[in-house]
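Below is one structure, written out as structure tokens; the observations come after it.
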Amino acid sequence: MEKVLGYLRENQERFVRELIDYVAIPSVSAQEQHRADMKRAAEWIAGEAKSAGLEPEIVPTKGHPVVLARTPRRKGRPHFMVYGHYDVQPAEPFDLWKSPPFEPRLEGKFLYGRGSSDNKGQHFAHLRAIEAYLKTGTELPCDITMLIEGEEEVGSKNLGDFLKKSRKSLDVDAVVISDTGIPSVKQPAVTYSLRGIVAFEIIVHGPSRDLHSGLFGGSLNNPAMALCQILAQVRDKNGKITIPGFYDDVQPLSSAERKEIAKLKFDAKSYAKFLGVPELFGEKGFTANEQRSARPTFEINGLTSGYQGEGGKTIVPAWARAKITCRLVANQKPEKVRAAVISFLKKICPPNVRMEIKSGHGGDPYMVQPNSAAVEAARTALKNSFKADPVLLREGGSIPIVNDFKRILGVETLMIGLALPEDNAHSPNERFSLECFEKGMAMSAYLWPELSAAFAVRR
Ligand code: BES
Ligand code: ZN
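What follows is the structure in structure tokens.
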């Protein structure tokens, strides 16, 4: 282990330089204009895997390519998968970035750039830890397949098919993902639950074209107003979603879990300040940490209608549109929630406008046993690298593909995040802590012997 850790220390500066090159590739999966950049990012990470001593393969899909990179296969060893994604969220609004999102910048102990922590820096840490084993001739106690996809931020539409087709060669014992968070560098964590998600777009159509609001306004419904009135009925003043059936399958929080969540350090005032809001708001009867990890939500992600340009324009707009996602918790099913939402919205839509609903991606919530041998292995690796006792977290974000790992490959996922709350994921000025990068590489180095021992018992 000393040789591996020594290699990581000696090469730290090079790793940061390489991560800068990776983050500089604008691999935004949601935007067609970045298709070539997506291919470039796939090729870049495959190239790095090759020089690290793994065997890479770029596999085309109906969408963006999947990158597989394997350590040499040997008989009778445990086999683990490291999953990550090379795609990133759109960087808009650009004007709020202190420096351009795809011109990575080092400032203090942080690397700024879209995708730096979500997720390039996190899976890159694993790649470099594996390289350290291979380059120092230190025996890896397991075989490792890295699977880095390009469609996580758009719902992993094509990865399920890929997993089905590649099941034979993906005969892994468990999946490891670093794509979640930790409370602070001093407080590492293992995540045992993620929320699910279901996405929609609602378009309310009014007149056949934008109309002069002086000539016609008052004699027809305004679709922007109609949409606002519809959406306003979805949630009451206590933060409860009013859609009939919405909470039907929600598994109530046990008192043991509530106790566990209550142990997390939390101060409402400083949290509100951190978020930039005058005060917090959420479903009555639950704490903020419960609300954002263990309760379902209905969230407007985008709301558009009418004239958005400079100055004003007196019109009744032809349409109004909302992009919506609901976060789901055990045991909600995306398609059941989708049906409940659609039927409610259709029912309350007034007859003087026309509602169109487009269905988007969906993913089940996820939960694993917090006391498994795999989690124990992660705890040890985290303790050794972060020099602190890890906590167990339920988190509110989603990584929909983990359910397919279970359904298709038959294995559980171990989630060991390296991102901080202040890393600005999906926000302007995303960053990655170099300390988390360094500790993350050490964590990965410590993990493989621990995890192999945990799974050797089963073999
Ligand atoms: N890294 C996140 C997921 C995450 C972040 C989980 C923090 C737990 C804690 C991932 O890249 C992500 O953003 N996923 C999307 C999935 C969606 C587009 C289907 C999400 O949660 O919005
Ligand atoms: Zn993300």
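So in my numbering, spot 107 of the sequence shown is number 325, and the numbers just go up one at a time.
Idealized CB from N, CA, C, for every residue including glycine.
In this text, all values refer to a predicted model and were calculated from it rather than measured experimentally.
Expressed to the nearest angstrom, what Euclidean distance is found between the alpha-carbon atoms of residue 595 and residue 672? Start at 1 with the first residue of the sequence shown, and residue 595 comes out as number 377. Start at 1 with the first residue of the sequence shown, and residue 672 comes out as number 454. One C-alpha to the other measures close to 7 Å.
Any heavy atom of the ligand BES closer than 7 Å to the Cβ of residue 373? Locating residue 373 in the sequence shown gives position 155, where the first residue counts as 1. For residue 373, the CB falls within less than 7 Å of some heavy atom of the ligand BES.
In whole angstroms, what is the alpha-carbon distance linking residue 244 and residue 251? In the sequence shown, the residue the question calls residue 244 occupies position 26. In the sequence shown, the residue the question calls residue 251 occupies position 33. Answer to the nearest angstrom: the Cα atoms are 10 Å apart.
Is there at least one non-hydrogen atom of the ligand ZN closer than 7 Å to the beta-carbon of residue 340? On the sequence shown, position 122 is the one that residue 340 refers to. The closest heavy atom of the ligand ZN lies 7 Å or more from the beta carbon of residue 340.
Measuring only the C-alpha atoms, how far is residue 455 from residue 611? Residue numbering aside, residue 455 sits at position 237 when the sequence shown is read from its first letter. Residue numbering aside, residue 611 sits at position 393 when the sequence shown is read from its first letter. Between the C-alpha atoms of residue 455 and residue 611 there is a straight-line separation of about 29 Å.
DSSP three-state assignment for residue 487, whether helix, strand or coil: Residue 487 sits at position 269 when you count from the first residue of the sequence shown. DSSP places residue 487 within a helical segment (H, G or I) once states are collapsed to three.
Considering just the uninterrupted stretch of the beta strand (DSSP E) at residue 515, what are its terminal residues? Position 297 of the sequence shown, counting from 1, holds the residue named residue 515. Element bounds for residue 515: 515-523.
Following a CB-centred definition, is residue 423 positioned closer than 7 Å to any heavy atom of the ligand ZN? In the sequence shown, the residue the question calls residue 423 occupies position 205. Incorrect: residue 423 has no Cβ contact closer than 7 Å to the ligand ZN.
In terms of alpha-carbon separation, which member of 527, 355, 360 and 352 lies closest to residue 674? What you label residue 674 is simply residue 456 of the sequence shown in a count that begins at 1. Closest option to residue 674, Cα to Cα, is 360.
Closer than 8 Å is the cut-off here; do at least three beta carbon pairs connect the region 659-673 with the region 616-630? Contact between the region 659-673 and the region 616-630 is absent, because fewer than three Cβ pairs lie under 8 Å.
In three-state terms, what does DSSP make of residue 617? The residue you call residue 617 lines up with position 399 of the sequence shown. Here residue 617 sits in coil by DSSP.
Contact test: residue 430 Cβ vs the ligand ZN heavy atom, cutoff 7 Å: Within the sequence shown, residue 430 is the residue found at index 212, counting from 1. Not a single heavy atom of the ligand ZN lies less than 7 Å from the C-beta of residue 430.
Does the beta-carbon of residue 398, which I'm using as the reference point, lie nearer than 7 Å to any heavy atom of the ligand BES? As a working note, residue 398 is residue 180 in the sequence shown. True, at least one ligand heavy atom lies under 7 Å from that Cβ.
Can you list, in chain order, the residues of its chain with a C-beta nearer than 7 Å to that of residue 405? Leave out the 5 residues immediately preceding and following it. The residue given as residue 405 occupies position 187 in the sequence shown. Answer for residue 405: 606 and 609, listed in chain order.
What are the boundary residues of the beta strand (DSSP E) that includes residue 297? On the sequence shown, position 79 is the one that residue 297 refers to. Counting along the chain, the beta strand (DSSP E) containing residue 297 begins and ends at 297-303.
Where the beta strand (DSSP E) through residue 361 begins and ends: Within the sequence shown, residue 361 is the residue found at index 143, counting from 1. Its beta strand (DSSP E) spans residues 361-367.
Residue 636: first and last residue of the uninterrupted alpha helix (DSSP H) it sits in: Translated into the one-based positions of the sequence shown, residue 636 becomes position 418. Here residue 636 belongs to no alpha helix (DSSP H), and DSSP marks it neither H nor E.
Looking at the structure shown, is residue 460 part of a helix, part of a strand, or coil, going by DSSP? Against the sequence shown, residue 460 aligns to sequence position 242. In the structure shown, residue 460 sits in coil (DSSP, three-state: anything other than H, G, I, E or B).
Taking residue 573 as part of the beta strand (DSSP E), name the residues at either end of that continuous run. Taking the first residue of the sequence shown as position 1, residue 573 is located at position 355. Unbroken beta strand (DSSP E) run through residue 573: 572-581.
Is there a C-beta anywhere in chain E that falls below 8 Å from the one on residue 304? Absent from the structure: chain E. Only one protein chain is present.
Within 7 Å: the Cβ of residue 249 and any heavy atom of the ligand ZN? Reading the sequence shown from its first residue, position 31 is the one you call residue 249. Answer for residue 249: no, Cβ out of range of the ligand ZN.
Would you decide whether residue 483 is buried or exposed? Buried here means 16 or more other CB atoms lie within 10 Å of its CB. For the purposes of this step, residue 483 is taken as residue 265 along the sequence shown, with counting starting at 1. Burial call: exposed.
What are the boundary residues of the alpha helix (DSSP H) that includes residue 598? Position 380 of the sequence shown, counted from the start, is the residue given in the question as residue 598. For residue 598, the uninterrupted alpha helix (DSSP H) segment begins and ends at 591-604.
Quick check on residue 465: does DSSP put it in helix, strand or coil? Indexing the sequence shown from 1 puts residue 465 at position 247. Residue state, collapsed to three classes: coil.
For residue 345, which residues from the same chain have a beta carbon less than 7 Å from its beta carbon, with the 5 sequence-adjacent residues on both sides left out? The sequence position of residue 345 within the sequence shown is 127, counting from 1. The residues are 266, 267, 270 and 364.
Ordered list of beta strand (DSSP E) runs contained in the region 368-398, each at least 3 residues: Complete beta strand (DSSP E) runs here, min 3: 392-395.
Do residue 523 and residue 418 count as a contact pair if the criterion is CB distance below 8 Å? Numbered from 1 along the sequence shown, position 200 holds the residue referred to as residue 418. Numbered from 1 along the sequence shown, position 305 holds the residue referred to as residue 523. No.
In the DSSP assignment, find the alpha helix (DSSP H) that holds residue 623 and state where it starts and stops. As a first step, residue 623 must be located in the sequence shown, where it is residue number 405. For residue 623, there is no enclosing alpha helix (DSSP H), as DSSP gives it neither H nor E.
Range of the contiguous alpha helix (DSSP H) that encloses residue 673: Working through the sequence shown from its first residue, we reach residue 673 at position 455. Where residue 673 is concerned, the enclosing alpha helix (DSSP H) stretches over 652-674.
Which whole-angstrom value describes the C-beta separation of residue 549 and residue 469, a residue pair presumed to lie in contact below a C-beta threshold of 8 Å? Translated into positions along the sequence shown, residue 549 becomes position 331. Translated into positions along the sequence shown, residue 469 becomes position 251. Contact between residue 549 and residue 469 holds, with the beta-carbon distance rounding to 5 Å and staying under 8 Å.
Thinking C-beta only, is residue 392 closer than 8 Å to residue 254? Along the sequence shown, read from residue 1 onward, the residue named residue 254 stands at position 36. Along the sequence shown, read from residue 1 onward, the residue named residue 392 stands at position 174. It is not a contact, given that the beta carbons lie outside the stated cut-off.
Give the range of the beta strand (DSSP E) segment to which residue 414 is assigned. Sequence index remark: in the sequence shown, residue 414 carries index 196 (1-based). Here the beta strand (DSSP E) through residue 414 covers 414-423.
Is it buried or exposed, residue 410, if we count other Cβ atoms within 10 angstroms and call 16 or more buried? Looking up residue 410 in the sequence shown gives position 192. Around the beta carbon of residue 410, a 10 Å sphere encloses 16 or more other beta carbons of the protein chains shown; the residue is thus reported as buried.
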